[in-house]
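Chemist: Let me give you the structure first, and then I'll get to my questions.
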Amino acid sequence: MNNSSNFDSICAMNKKNILLLTLVHPDFLPPVYAAAQVLRDLQYNIHILTFDSLVPSEFDLGDNIVLETVGNHHSAGTFERMKLRNKFTELAKQLTISNQPIAIISFCPFSFDCGLKIKNNIPLIYIALEIADFVLPVFLRSPLSNYRNLLALRNVRKADLVATPSIQRSAWLAGRCHLSFMPHTILNTAYRNARQEGDTLDIFKELVPSTFSNKKILLYTGAVNTDLCTLELVQAFDQVNDQESALVITGIKDNEYCNTITAFVNQCAAKDRIKLFPYLTRRQMQALQANAHIGVCLAKEYPDSVKSKMMAPNKAGEYLSKGLYLLGVTSEYMRPFEMKDIATLSASARPGDICIGIKKALAAINDKEYKTRISRFVEDYFCMEHQLKPVIQFLNNIANML
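In C-alpha coordinates form, the structure reads like this:
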(Lines of atoms letter the chains of each structure in order from A and count residues from 1; the text may use other names and numbers.)
(Lines give C-alpha, C1' and ligand atoms only; values in the text may rest on other atoms or scores of the structure.)
Protein backbone atom coordinates (compact mmCIF):
# COMPACT_ATOMS: atom_id res chain seq x y z
CA MET A 1 0.00 0.00 0.00
CA ASN A 2 1.41 3.39 -0.96
CA ASN A 3 -0.51 6.67 -0.76
CA SER A 4 2.50 8.83 -1.63
CA SER A 5 1.15 10.60 -4.74
CA ASN A 6 1.31 14.06 -3.14
CA PHE A 7 4.11 13.35 -0.72
CA ASP A 8 7.04 14.31 -2.95
CA SER A 9 5.65 17.82 -3.48
CA ILE A 10 5.15 18.20 0.27
CA CYS A 11 8.74 17.12 0.87
CA ALA A 12 10.02 19.64 -1.65
CA MET A 13 8.39 22.46 0.30
CA ASN A 14 9.13 21.27 3.82
CA LYS A 15 12.35 19.68 5.02
CA LYS A 16 10.80 18.33 8.23
CA ASN A 17 10.62 14.78 6.91
CA ILE A 18 11.10 11.63 8.99
CA LEU A 19 11.54 8.05 7.80
CA LEU A 20 10.10 5.26 10.00
CA LEU A 21 11.32 1.69 9.45
CA THR A 22 9.77 -1.51 10.81
CA LEU A 23 9.80 -5.15 9.75
CA VAL A 24 6.48 -5.90 11.51
CA HIS A 25 3.59 -4.03 9.96
CA PRO A 26 2.19 -1.33 12.30
CA ASP A 27 -1.18 -3.15 12.28
CA PHE A 28 0.59 -5.51 14.69
CA LEU A 29 2.99 -2.96 16.15
CA PRO A 30 0.59 -0.06 16.86
CA PRO A 31 3.10 2.17 18.73
CA VAL A 32 4.54 2.86 15.26
CA TYR A 33 1.20 4.30 14.18
CA ALA A 34 0.93 6.29 17.40
CA ALA A 35 4.44 7.75 17.04
CA ALA A 36 3.76 8.68 13.40
CA GLN A 37 0.52 10.47 14.27
CA VAL A 38 2.05 12.41 17.16
CA LEU A 39 4.96 13.57 15.01
CA ARG A 40 2.60 14.47 12.16
CA ASP A 41 0.67 16.72 14.55
CA LEU A 42 3.96 18.53 15.20
CA GLN A 43 4.21 19.36 11.47
CA TYR A 44 6.59 16.56 10.52
CA ASN A 45 5.99 14.62 7.31
CA ILE A 46 6.12 10.87 7.97
CA HIS A 47 7.01 8.04 5.60
CA ILE A 48 6.57 4.55 7.09
CA LEU A 49 8.34 1.72 5.27
CA THR A 50 7.35 -1.82 6.23
CA PHE A 51 6.28 -5.23 4.89
CA ASP A 52 2.75 -6.39 4.12
CA SER A 53 0.22 -6.78 6.92
CA LEU A 54 -1.13 -10.22 7.83
CA VAL A 55 -4.58 -8.80 7.02
CA PRO A 56 -4.02 -6.11 4.36
CA SER A 57 -6.66 -3.39 4.55
CA GLU A 58 -6.82 0.34 3.96
CA PHE A 59 -6.50 2.34 7.18
CA ASP A 60 -6.76 6.14 7.23
CA LEU A 61 -3.98 7.70 9.29
CA GLY A 62 -4.79 11.25 8.22
CA ASP A 63 -2.74 13.73 6.21
CA ASN A 64 1.05 13.79 5.81
CA ILE A 65 1.62 10.13 6.69
CA VAL A 66 2.66 7.71 3.96
CA LEU A 67 2.56 3.96 4.57
CA GLU A 68 4.51 1.93 2.02
CA THR A 69 4.92 -1.85 1.98
CA VAL A 70 7.43 -3.88 0.00
CA GLY A 71 6.09 -7.45 0.00
CA ASN A 72 4.80 -10.43 1.93
CA HIS A 73 7.56 -11.23 4.40
CA HIS A 74 5.77 -13.29 7.05
CA SER A 75 4.92 -16.29 4.82
CA ALA A 76 7.96 -16.20 2.51
CA GLY A 77 10.74 -18.76 2.48
CA THR A 78 14.27 -17.98 3.62
CA PHE A 79 15.67 -16.93 0.23
CA GLU A 80 12.57 -14.91 -0.64
CA ARG A 81 12.85 -13.13 2.72
CA MET A 82 16.45 -12.25 2.00
CA LYS A 83 15.44 -10.77 -1.36
CA LEU A 84 12.64 -8.78 0.27
CA ARG A 85 14.98 -7.46 2.96
CA ASN A 86 17.45 -6.32 0.29
CA LYS A 87 14.59 -4.64 -1.55
CA PHE A 88 13.51 -2.94 1.67
CA THR A 89 17.02 -1.65 2.34
CA GLU A 90 17.44 -0.36 -1.20
CA LEU A 91 14.10 1.44 -1.10
CA ALA A 92 14.91 2.93 2.32
CA LYS A 93 18.19 4.21 0.88
CA GLN A 94 16.36 5.80 -2.06
CA LEU A 95 13.94 7.50 0.33
CA THR A 96 16.83 9.09 2.24
CA ILE A 97 17.98 10.61 -1.05
CA SER A 98 14.60 11.74 -2.41
CA ASN A 99 12.97 12.88 0.85
CA GLN A 100 16.10 14.01 2.70
CA PRO A 101 14.68 13.12 6.15
CA ILE A 102 16.07 14.92 9.17
CA ALA A 103 15.97 11.60 11.07
CA ILE A 104 15.35 7.88 10.71
CA ILE A 105 13.43 5.97 13.40
CA SER A 106 13.82 2.18 13.57
CA PHE A 107 11.60 -0.06 15.70
CA CYS A 108 13.17 -3.53 15.49
CA PRO A 109 16.61 -5.18 15.05
CA PHE A 110 16.19 -5.61 11.29
CA SER A 111 15.13 -2.00 10.69
CA PHE A 112 17.88 -0.74 13.00
CA ASP A 113 20.49 -2.63 11.00
CA CYS A 114 18.94 -1.19 7.84
CA GLY A 115 19.08 2.30 9.34
CA LEU A 116 22.77 1.93 10.10
CA LYS A 117 23.45 0.94 6.49
CA ILE A 118 21.67 3.91 4.93
CA LYS A 119 21.96 6.73 7.46
CA ASN A 120 25.21 8.41 6.36
CA ASN A 121 24.97 11.65 8.38
CA ILE A 122 21.26 11.34 9.16
CA PRO A 123 20.53 10.93 12.90
CA LEU A 124 19.22 7.44 13.71
CA ILE A 125 16.75 6.81 16.55
CA TYR A 126 16.28 3.25 17.77
CA ILE A 127 13.04 2.56 19.67
CA ALA A 128 13.64 -1.11 20.50
CA LEU A 129 10.13 -2.51 20.73
CA GLU A 130 11.33 -6.12 20.70
CA ILE A 131 13.38 -8.06 23.25
CA ALA A 132 16.21 -9.78 21.40
CA ASP A 133 18.94 -11.51 23.37
CA PHE A 134 21.62 -13.73 21.82
CA VAL A 135 21.54 -17.21 23.35
CA LEU A 136 22.59 -20.37 21.54
CA PRO A 137 19.36 -22.46 21.77
CA VAL A 138 17.29 -19.58 20.39
CA PHE A 139 19.92 -18.88 17.74
CA LEU A 140 19.74 -22.45 16.47
CA ARG A 141 15.95 -22.24 16.04
CA SER A 142 16.18 -19.15 13.83
CA PRO A 143 19.80 -18.38 12.85
CA LEU A 144 19.07 -15.54 10.41
CA SER A 145 16.77 -13.59 12.74
CA ASN A 146 18.99 -14.06 15.75
CA TYR A 147 22.15 -13.11 13.89
CA ARG A 148 20.35 -9.85 13.11
CA ASN A 149 19.45 -9.55 16.79
CA LEU A 150 23.11 -9.97 17.73
CA LEU A 151 24.13 -7.23 15.29
CA ALA A 152 21.59 -4.88 16.84
CA LEU A 153 22.92 -5.55 20.33
CA ARG A 154 26.52 -5.04 19.25
CA ASN A 155 25.74 -1.82 17.38
CA VAL A 156 23.12 -0.22 19.63
CA ARG A 157 25.56 2.45 20.85
CA LYS A 158 25.80 3.71 17.27
CA ALA A 159 22.24 5.05 17.50
CA ASP A 160 21.85 8.76 18.19
CA LEU A 161 18.99 8.07 20.60
CA VAL A 162 17.92 4.75 22.14
CA ALA A 163 14.64 3.93 23.86
CA THR A 164 12.70 0.85 24.98
CA PRO A 165 9.05 0.41 26.06
CA SER A 166 9.72 -0.39 29.74
CA ILE A 167 12.10 0.60 32.51
CA GLN A 168 13.11 -3.03 32.93
CA ARG A 169 14.04 -3.33 29.26
CA SER A 170 15.99 -0.08 29.31
CA ALA A 171 18.03 -1.30 32.28
CA TRP A 172 18.54 -4.72 30.69
CA LEU A 173 19.70 -3.20 27.39
CA ALA A 174 22.13 -0.87 29.18
CA GLY A 175 23.66 -3.81 31.04
CA ARG A 176 23.59 -6.28 28.16
CA CYS A 177 25.30 -3.86 25.77
CA HIS A 178 27.59 -2.22 28.37
CA LEU A 179 26.19 1.20 27.58
CA SER A 180 27.52 4.31 29.29
CA PHE A 181 24.00 5.78 29.29
CA MET A 182 20.50 4.66 30.24
CA PRO A 183 18.13 4.28 27.27
CA HIS A 184 14.96 6.36 27.44
CA THR A 185 11.73 4.62 28.35
CA ILE A 186 8.82 5.25 25.97
CA LEU A 187 5.89 3.17 27.15
CA ASN A 188 3.75 1.39 24.57
CA THR A 189 0.81 3.76 24.44
CA ALA A 190 -1.75 4.89 21.88
CA TYR A 191 -2.41 8.15 20.06
CA ARG A 192 -4.76 10.15 22.29
CA ASN A 193 -6.32 12.26 19.55
CA ALA A 194 -7.36 9.35 17.35
CA ARG A 195 -10.37 10.11 15.19
CA GLN A 196 -13.34 7.78 15.16
CA GLU A 197 -13.30 6.25 11.68
CA GLY A 198 -16.97 5.77 10.82
CA ASP A 199 -19.49 4.14 13.11
CA THR A 200 -17.57 1.60 15.21
CA LEU A 201 -20.78 0.31 16.74
CA ASP A 202 -22.05 -0.84 13.33
CA ILE A 203 -18.79 -2.71 12.69
CA PHE A 204 -18.94 -4.20 16.18
CA LYS A 205 -22.50 -5.45 15.61
CA GLU A 206 -21.44 -7.02 12.31
CA LEU A 207 -18.69 -8.95 14.06
CA VAL A 208 -20.29 -10.28 17.23
CA PRO A 209 -23.53 -12.27 17.71
CA SER A 210 -26.65 -10.24 18.41
CA THR A 211 -26.90 -11.99 21.78
CA PHE A 212 -23.80 -10.04 22.89
CA SER A 213 -25.80 -6.80 22.97
CA ASN A 214 -25.97 -5.23 26.43
CA LYS A 215 -23.48 -7.74 27.84
CA LYS A 216 -20.24 -6.80 29.55
CA ILE A 217 -17.61 -7.61 26.92
CA LEU A 218 -14.18 -8.95 27.87
CA LEU A 219 -11.78 -8.50 24.95
CA TYR A 220 -8.45 -10.19 24.29
CA THR A 221 -6.45 -9.08 21.24
CA GLY A 222 -2.98 -9.98 20.06
CA ALA A 223 -0.88 -13.13 19.90
CA VAL A 224 -2.39 -16.39 21.14
CA ASN A 225 0.12 -18.68 22.84
CA THR A 226 0.94 -20.40 26.12
CA ASP A 227 2.89 -17.44 27.49
CA LEU A 228 -0.17 -15.20 27.15
CA CYS A 229 -2.55 -17.59 28.92
CA THR A 230 -5.30 -17.67 26.31
CA LEU A 231 -6.39 -21.21 27.18
CA GLU A 232 -6.46 -20.33 30.87
CA LEU A 233 -8.59 -17.30 29.99
CA VAL A 234 -11.35 -19.32 28.32
CA GLN A 235 -11.23 -21.90 31.11
CA ALA A 236 -11.55 -19.16 33.71
CA PHE A 237 -14.36 -17.41 31.85
CA ASP A 238 -16.31 -20.67 31.71
CA GLN A 239 -15.92 -21.01 35.49
CA VAL A 240 -17.30 -17.50 36.08
CA ASN A 241 -20.72 -18.54 34.75
CA ASP A 242 -21.98 -14.97 34.40
CA GLN A 243 -24.79 -14.82 31.85
CA GLU A 244 -24.43 -11.03 31.55
CA SER A 245 -20.87 -11.18 30.22
CA ALA A 246 -19.24 -12.31 26.97
CA LEU A 247 -15.67 -12.99 25.86
CA VAL A 248 -14.13 -12.02 22.50
CA ILE A 249 -10.68 -13.25 21.44
CA THR A 250 -8.77 -12.41 18.25
CA GLY A 251 -5.63 -13.95 16.77
CA ILE A 252 -6.74 -17.60 16.60
CA LYS A 253 -4.64 -19.53 14.08
CA ASP A 254 -4.54 -23.08 12.77
CA ASN A 255 -2.07 -24.62 15.18
CA GLU A 256 -2.15 -27.13 18.02
CA TYR A 257 -2.54 -24.59 20.82
CA CYS A 258 -5.33 -22.64 19.10
CA ASN A 259 -7.08 -25.88 18.15
CA THR A 260 -7.06 -26.88 21.83
CA ILE A 261 -8.69 -23.55 22.71
CA THR A 262 -11.33 -23.96 20.00
CA ALA A 263 -12.11 -27.52 21.11
CA PHE A 264 -12.55 -26.38 24.71
CA VAL A 265 -14.83 -23.49 23.72
CA ASN A 266 -17.00 -25.75 21.54
CA GLN A 267 -17.83 -28.04 24.47
CA CYS A 268 -17.90 -25.63 27.42
CA ALA A 269 -21.03 -24.27 29.12
CA ALA A 270 -20.20 -20.68 28.08
CA LYS A 271 -19.69 -21.47 24.36
CA ASP A 272 -22.56 -19.21 23.28
CA ARG A 273 -20.91 -16.28 25.06
CA ILE A 274 -17.41 -16.76 23.60
CA LYS A 275 -16.45 -15.55 20.12
CA LEU A 276 -13.12 -16.56 18.57
CA PHE A 277 -11.70 -14.61 15.63
CA PRO A 278 -8.60 -14.98 13.46
CA TYR A 279 -6.49 -11.86 12.97
CA LEU A 280 -8.74 -8.94 12.03
CA THR A 281 -8.17 -5.71 10.15
CA ARG A 282 -7.02 -2.67 12.08
CA ARG A 283 -10.43 -1.02 11.75
CA GLN A 284 -12.23 -4.13 13.02
CA MET A 285 -9.85 -4.34 15.98
CA GLN A 286 -10.53 -0.73 16.89
CA ALA A 287 -14.28 -1.32 16.64
CA LEU A 288 -14.00 -4.19 19.12
CA GLN A 289 -11.89 -2.07 21.46
CA ALA A 290 -14.29 0.88 21.25
CA ASN A 291 -17.29 -1.24 22.28
CA ALA A 292 -15.81 -3.63 24.85
CA HIS A 293 -15.65 -3.02 28.59
CA ILE A 294 -12.66 -4.99 29.91
CA GLY A 295 -9.33 -5.43 28.11
CA VAL A 296 -7.54 -8.67 28.93
CA CYS A 297 -3.76 -8.50 29.16
CA LEU A 298 -2.53 -11.79 30.65
CA ALA A 299 1.09 -12.91 30.55
CA LYS A 300 3.03 -15.54 32.46
CA GLU A 301 6.26 -14.79 34.27
CA TYR A 302 8.79 -17.60 34.63
CA PRO A 303 11.35 -17.61 37.49
CA ASP A 304 14.15 -18.61 35.11
CA SER A 305 13.22 -16.22 32.28
CA VAL A 306 14.32 -12.60 32.48
CA LYS A 307 12.50 -11.89 29.22
CA SER A 308 9.15 -12.88 30.73
CA LYS A 309 9.68 -10.31 33.49
CA MET A 310 10.21 -7.47 31.01
CA MET A 311 6.77 -7.28 29.43
CA ALA A 312 5.67 -4.16 27.59
CA PRO A 313 2.31 -5.06 26.03
CA ASN A 314 0.85 -2.97 23.24
CA LYS A 315 -2.57 -4.03 24.45
CA ALA A 316 -2.52 -2.00 27.67
CA GLY A 317 -2.07 1.27 25.79
CA GLU A 318 -4.64 0.37 23.15
CA TYR A 319 -7.23 -0.73 25.72
CA LEU A 320 -6.84 2.28 27.99
CA SER A 321 -7.06 4.71 25.09
CA LYS A 322 -10.52 3.28 24.41
CA GLY A 323 -11.56 3.48 28.08
CA LEU A 324 -11.34 -0.25 28.81
CA TYR A 325 -10.75 -1.47 32.35
CA LEU A 326 -7.77 -3.85 32.50
CA LEU A 327 -7.56 -7.49 33.61
CA GLY A 328 -4.04 -8.80 34.03
CA VAL A 329 -1.70 -10.98 36.05
CA THR A 330 0.31 -9.46 38.90
CA SER A 331 3.63 -8.08 37.58
CA GLU A 332 5.84 -5.03 37.94
CA TYR A 333 4.51 -3.60 34.67
CA MET A 334 0.82 -4.09 35.48
CA ARG A 335 0.89 -3.09 39.17
CA PRO A 336 0.72 0.71 38.55
CA PHE A 337 -2.60 0.24 36.75
CA GLU A 338 -3.98 -1.59 39.75
CA MET A 339 -2.74 1.22 42.02
CA LYS A 340 -4.66 3.71 39.84
CA ASP A 341 -7.80 1.61 40.36
CA ILE A 342 -8.16 0.98 36.62
CA ALA A 343 -7.13 -2.70 36.62
CA THR A 344 -7.70 -5.95 38.45
CA LEU A 345 -4.72 -8.29 38.65
CA SER A 346 -5.00 -12.04 39.07
CA ALA A 347 -2.75 -13.57 41.74
CA SER A 348 -1.40 -16.05 39.17
CA ALA A 349 -1.96 -17.35 35.65
CA ARG A 350 -3.95 -20.34 36.88
CA PRO A 351 -7.57 -20.53 35.67
CA GLY A 352 -8.94 -20.42 39.21
CA ASP A 353 -7.12 -17.18 40.01
CA ILE A 354 -8.03 -15.66 36.65
CA CYS A 355 -11.67 -16.57 37.35
CA ILE A 356 -11.51 -14.59 40.61
CA GLY A 357 -9.93 -11.71 38.70
CA ILE A 358 -12.69 -11.73 36.08
CA LYS A 359 -15.37 -11.58 38.78
CA LYS A 360 -13.63 -8.63 40.45
CA ALA A 361 -13.21 -6.81 37.12
CA LEU A 362 -16.87 -7.31 36.23
CA ALA A 363 -17.85 -5.87 39.60
CA ALA A 364 -15.39 -2.97 39.21
CA ILE A 365 -16.98 -1.67 36.02
CA ASN A 366 -20.29 -1.22 37.83
CA ASP A 367 -18.60 1.90 39.23
CA LYS A 368 -19.14 4.37 36.38
CA GLU A 369 -16.28 6.55 37.64
CA TYR A 370 -13.75 4.05 36.31
CA LYS A 371 -13.92 5.59 32.83
CA THR A 372 -13.14 9.02 34.29
CA ARG A 373 -10.10 7.60 36.08
CA ILE A 374 -8.90 5.96 32.88
CA SER A 375 -9.44 9.11 30.83
CA ARG A 376 -7.45 11.24 33.27
CA PHE A 377 -4.61 8.70 33.45
CA VAL A 378 -4.38 8.56 29.66
CA GLU A 379 -4.59 12.31 29.18
CA ASP A 380 -2.06 13.13 31.89
CA TYR A 381 0.48 10.39 31.26
CA PHE A 382 -0.35 7.17 29.42
CA CYS A 383 -0.52 8.35 25.82
CA MET A 384 2.05 8.66 23.06
CA GLU A 385 1.82 12.46 23.12
CA HIS A 386 3.49 12.32 26.56
CA GLN A 387 5.64 9.23 26.15
CA LEU A 388 7.33 10.36 22.94
CA LYS A 389 8.73 13.54 24.50
CA PRO A 390 12.41 12.39 24.44
CA VAL A 391 12.15 11.83 20.69
CA ILE A 392 10.21 15.06 20.14
CA GLN A 393 12.86 17.09 21.98
CA PHE A 394 15.65 15.38 20.02
CA LEU A 395 13.93 16.07 16.69
CA ASN A 396 13.10 19.67 17.58
CA ASN A 397 16.77 20.28 18.36
CA ILE A 398 17.70 18.94 14.92
CA ALA A 399 15.00 20.97 13.16
CA ASN A 400 16.14 24.14 14.91
CA MET A 401 19.63 23.68 13.53
CA LEU A 402 18.48 23.39 9.92
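All residue numbers for the sequence shown refer to this note's numbering, where the first residue is 4 and numbers rise by one.
Idealized CB from N, CA, C, for every residue including glycine.
How big is the Cα-Cα spacing for I345 and V243?
Modeler: Counted from its first residue, the sequence shown places residue 345 at position 342. Counted from its first residue, the sequence shown places residue 243 at position 240. I345 and V243: Cα-Cα distance of roughly 21 angstroms.
Chemist: Short check: CB of S324 to CB of V381, under 8 angstroms?
Modeler: Translated into positions along the sequence shown, residue 324 becomes position 321. Translated into positions along the sequence shown, residue 381 becomes position 378. Yes, these two residues count as a Cβ contact at 8 angstroms.
Chemist: Looking only at its chain, what residues have a beta carbon closer than 6 angstroms to the beta carbon of M314, apart from the 5 residues adjacent to it on each side?
Modeler: Counted from its first residue, the sequence shown places residue 314 at position 311. The answer, listed in chain order, is A302 and Y336.
Chemist: Spell out a yes or no on whether the stretch 29-44 and the stretch 180-197 are touching, meaning 3 or more CB-CB pairs, one atom from each, closer than 8 angstroms.
Modeler: Yes: the two stretches touch, three or more of their Cβ pairs being nearer than 8 angstroms.
Chemist: Assess, as a yes-or-no matter, whether the stretch 21-33 is touched by the stretch 51-68 under the definition of 3 or more beta carbon pairs within less than 8 angstroms.
Modeler: Yes, they touch.
Chemist: My understanding is that A290 touches F215, with C-beta atoms under 8 angstroms, so please give their C-beta distance in whole angstroms.
Modeler: For the purposes of this step, residue 290 is taken as the residue at position 287 of the sequence shown. For the purposes of this step, residue 215 is taken as the residue at position 212 of the sequence shown. About 13 angstroms; that fails the 8 angstroms criterion.
Chemist: Does DSSP put Y47 in a helix, a strand or coil?
Modeler: Position 44 of the sequence shown holds residue 47. In this structure, Y47 counts as coil in the three-state DSSP scheme.
Chemist: Please classify G225: does DSSP put it in a helix, a strand, or coil?
Modeler: The residue you call residue 225 lines up with position 222 of the sequence shown. Correct three-state label for G225: coil.
Chemist: Could you tell me the alpha carbon to alpha carbon distance between I255 and Y282, rounded to whole angstroms?
Modeler: By 1-based counting over the sequence shown, the position of residue 255 is 252. By 1-based counting over the sequence shown, the position of residue 282 is 279. Cα-Cα distance, rounded: 7 angstroms.
Chemist: Go through the stretch 56-91 residue by residue and report every complete run of the beta strand (DSSP E) that reaches 3 residues or more, in order.
Modeler: Entirely contained in the stretch 56-91, the beta strand (DSSP E) runs reaching 3 residues are, in chain order, 68-72.
Chemist: For Y282, does the three-state DSSP call read helix, strand or coil?
Modeler: For the purposes of this step, residue 282 is taken as residue 279 along the sequence shown, with counting starting at 1. Y282 falls in the coil class under three-state DSSP.
Chemist: In chain order, what residues of the same chain have a beta carbon less than 7 angstroms from the beta carbon of S308, not counting five sequence neighbours either side?
Modeler: Taking the first residue of the sequence shown as position 1, residue 308 is located at position 305. If we look at S308 and ignore the five residues flanking it on each side, it has no Cβ neighbours.
Chemist: Can you tell me where the beta strand (DSSP E) with G254 in it begins and where it stops?
Modeler: Residue mapping note: residue 254 aligns to position 251 of the sequence shown, counting from 1. Neither: G254 is in no beta strand (DSSP E) and is coded neither H nor E.
Chemist: Would E83 and I51 qualify as a contact pair, given that the criterion is a beta-carbon distance under 8 angstroms?
Modeler: Counting from one through the sequence shown, the residue named residue 83 turns up at place 80. Counting from one through the sequence shown, the residue named residue 51 turns up at place 48. Cβ distance not < 8 angstroms, so E83 and I51 don't count as in contact.
Chemist: Using DSSP bridges, identify the partner residues of G331.
Modeler: Position 328 of the sequence shown, counted from the first residue, corresponds to residue 331. The partner list for G331 (beta bridge, DSSP) reads C300 and L348.
Chemist: Can you tell me whether Y129 is helix, strand or coil according to DSSP?
Modeler: Position 126 of the sequence shown, counting from 1, holds the residue named residue 129. Strand.
Chemist: Using 10 angstroms around the beta-carbon of I264, count the other beta-carbons present and answer buried if the total reaches 16, otherwise exposed.
Modeler: The sequence position of residue 264 within the sequence shown is 261, counting from 1. Buried: at least 16 other Cβ atoms inside 10 Å.
Chemist: Taking the continuous beta strand (DSSP E) assigned at A366, which residues delimit it?
Modeler: The residue you call residue 366 lines up with position 363 of the sequence shown. It is not in any beta strand (DSSP E) - A366 instead sits in the alpha helix (DSSP H) that spans P354 to A367.
Chemist: Which partner residues does T188 have in the DSSP bridge list?
Modeler: Reading the sequence shown from its first residue, position 185 is the one you call residue 188. DSSP, once it has assigned bridges, lists T167 as partnering T188.
Chemist: Do K219 and E247 have their C-beta atoms within less than 8 angstroms of each other?
Modeler: Against the sequence shown, residue 219 aligns to sequence position 216. Against the sequence shown, residue 247 aligns to sequence position 244. In this structure, E247 lies closer than 8 angstroms to K219 by Cβ.
Chemist: Who are the Cβ neighbours of Q171 in its own chain at under 6 angstroms, not counting the five residues just before and after it?
Modeler: Within the sequence shown, numbered from 1, the residue matching residue 171 stands at position 168. If we look at Q171 and ignore the five residues flanking it on each side, its Cβ neighbours are M313.
Chemist: What's the C-alpha gap between D66 and L222?
Modeler: For the purposes of this step, residue 66 is taken as residue 63 along the sequence shown, with counting starting at 1. For the purposes of this step, residue 222 is taken as residue 219 along the sequence shown, with counting starting at 1. Looking at the two C-alpha atoms, the distance is approximately 30 angstroms.
Chemist: So for T53, helix, strand or coil by DSSP?
Modeler: Within the sequence shown, the letter at position 50 stands for residue 53. Three-state result, T53: strand.
Chemist: By a C-beta neighbour count over all protein chains shown, 10 Å radius and 16 as the cutoff for buried, is I100 buried or exposed?
Modeler: Taking the sequence shown and counting its residues from 1, one reaches residue 100 at position 97. I100 should be labelled exposed.
Chemist: For I134, name the three-state secondary structure that DSSP assigns.
Modeler: Translated into positions along the sequence shown, residue 134 becomes position 131. Residue state, collapsed to three classes: coil.
Chemist: What span of residues does the alpha helix (DSSP H) with N20 cover, start to end?
Modeler: Sequence index remark: in the sequence shown, residue 20 carries index 17 (1-based). Looking at the DSSP string, N20 is not in any alpha helix (DSSP H); the run it does join, the beta strand (DSSP E), is N20 to L24.
Chemist: Taking 8 angstroms as the cut-off, decide whether the C-beta atoms of P168 and L132 are in contact.
Modeler: Looking up residue 168 in the sequence shown gives position 165. Looking up residue 132 in the sequence shown gives position 129. The answer is yes: Cβ separation under 8 angstroms.
Chemist: If you draw a straight line from the alpha carbon of L2 to that of F240, how long is it in whole angstroms?
Modeler: Given that the chain is displayed from residue 4 to residue 405, the structure contains no residue 2 and the question cannot be resolved.
Chemist: Since L419 and T81 should fall inside the 8 angstroms C-beta cutoff, what is the C-beta to C-beta distance between them, to a whole number of angstroms?
Modeler: Lying before the first or after the last residue shown, residue 419 is absent from the chain, which here runs from 4 to 405.
Chemist: In angstroms, rounded to a whole number, what distance separates the CA positions of D370 and Y328?
Modeler: Looking up residue 370 in the sequence shown gives position 367. Looking up residue 328 in the sequence shown gives position 325. Roughly 11 angstroms separates the two Cα atoms.
Chemist: Assuming L22 and P112 are in contact, meaning their beta carbons sit under 8 angstroms apart, how far apart are those beta carbons, in whole angstroms?
Modeler: Against the sequence shown, residue 22 aligns to sequence position 19. Against the sequence shown, residue 112 aligns to sequence position 109. Their Cβ separation, rounded to whole angstroms, is 17 angstroms, which puts L22 and P112 out of contact at 8 angstroms.
Chemist: Thinking M405 and I361 are a contact (beta carbons under 8 angstroms), I'd like their distance in whole angstroms, please.
Modeler: Your numbering for residue 405 matches position 402 in the sequence shown. Your numbering for residue 361 matches position 358 in the sequence shown. It should be pointed out that residue 405 corresponds to Leu in this sequence rather than to Met. Going by Cβ atoms, the distance from L405 to I361 rounds to 53 angstroms, so no, they are not a contact pair.
Chemist: Mind reading off the beta-carbon distance from V73 to L94? Whole number of angstroms is fine, and I expect it under 8 angstroms.
Modeler: Position 70 of the sequence shown, counted from the start, is the residue given in the question as residue 73. Position 91 of the sequence shown, counted from the start, is the residue given in the question as residue 94. Indeed they touch by this definition, with Cβ atoms about 6 angstroms apart.
Chemist: What is the DSSP secondary structure of L147, reduced to helix, strand or coil?
Modeler: In the sequence shown, residue 147 corresponds to position 144, counting from 1. Helix.
Chemist: Cβ atoms of I121 and K161: under 8 angstroms apart, would you say?
Modeler: Stepping through the sequence shown from its first residue, residue 161 is reached at position 158. Stepping through the sequence shown from its first residue, residue 121 is reached at position 118. Taking 8 angstroms as the Cβ cut-off, K161 and I121 do not qualify as a contacting pair.
Chemist: Roughly how many whole angstroms lie between the Cα atoms of L398 and N20?
Modeler: Your numbering for residue 398 matches position 395 in the sequence shown. Your numbering for residue 20 matches position 17 in the sequence shown. Roughly 10 angstroms separates the two Cα atoms.
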